[in-house]
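Trainee: One structure, as structure tokens, below. Some questions next.
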Amino acid sequence: MAKRKKNIQIFRYECQMTGEVYKTTKKATNPDDLVSVNAYYDMNPEEDDRPEEIKKELGIE
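This is the structure in structure tokens:
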């Protein structure tokens, strides 16, 4: 018996701050409130707990 292929729906959203487009498999209840990871850390620098090598790689510090 053939196995059915799962039909996964992909939703695309755009960050309001950076304009970055990203996709997810779950529909957002408030898509206007979504921000990218970089935009979140720009808004909340005190919560930026990424390792130093990642920050250097991204050119943050």
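Quick note on the numbering used here: the sequence shown kicks off at 2 and runs consecutively.
Where a beta carbon is used, it is the ideal one built from N, C-alpha and C, also for glycine.
Keep in mind that this is a model prediction, so the values were computed, not measured.
In three-state terms, what does DSSP make of Val-22?
Mentor: Within the sequence shown, the letter at position 21 stands for residue 22. If DSSP states are grouped into helix, strand and coil, Val-22 belongs with the strands.
Trainee: Taking C-alpha atoms, which residue in Asp-34, Lys-6, Lys-28, Lys-7 lies nearest to Cys-16?
Mentor: Along the sequence shown, one-based indexing puts residue 16 at 15. Checked all of Asp-34, Lys-6, Lys-28, Lys-7; the closest Cα to Cys-16 is Asp-34.
Trainee: Note down the Cα distance separating Phe-12 from Glu-58, rounded to an integer number of angstroms.
Mentor: By one-based count along the sequence shown, residue 12 stands at place 11. By one-based count along the sequence shown, residue 58 stands at place 57. Their backbone Cα atoms lie some 28 Å apart in a straight line.
Trainee: Identify the residues that DSSP records as bridge partners of Arg-13: which are they?
Mentor: Against the sequence shown, residue 13 aligns to sequence position 12. According to DSSP, Arg-13 bridges with Lys-24.
Trainee: Shortest alpha-carbon distance to Asn-39 belongs to which of Arg-51, Thr-30, Lys-24?
Mentor: As a working note, residue 39 is residue 38 in the sequence shown. Ranking Arg-51, Thr-30, Lys-24 by Cα distance to Asn-39 puts Arg-51 first.
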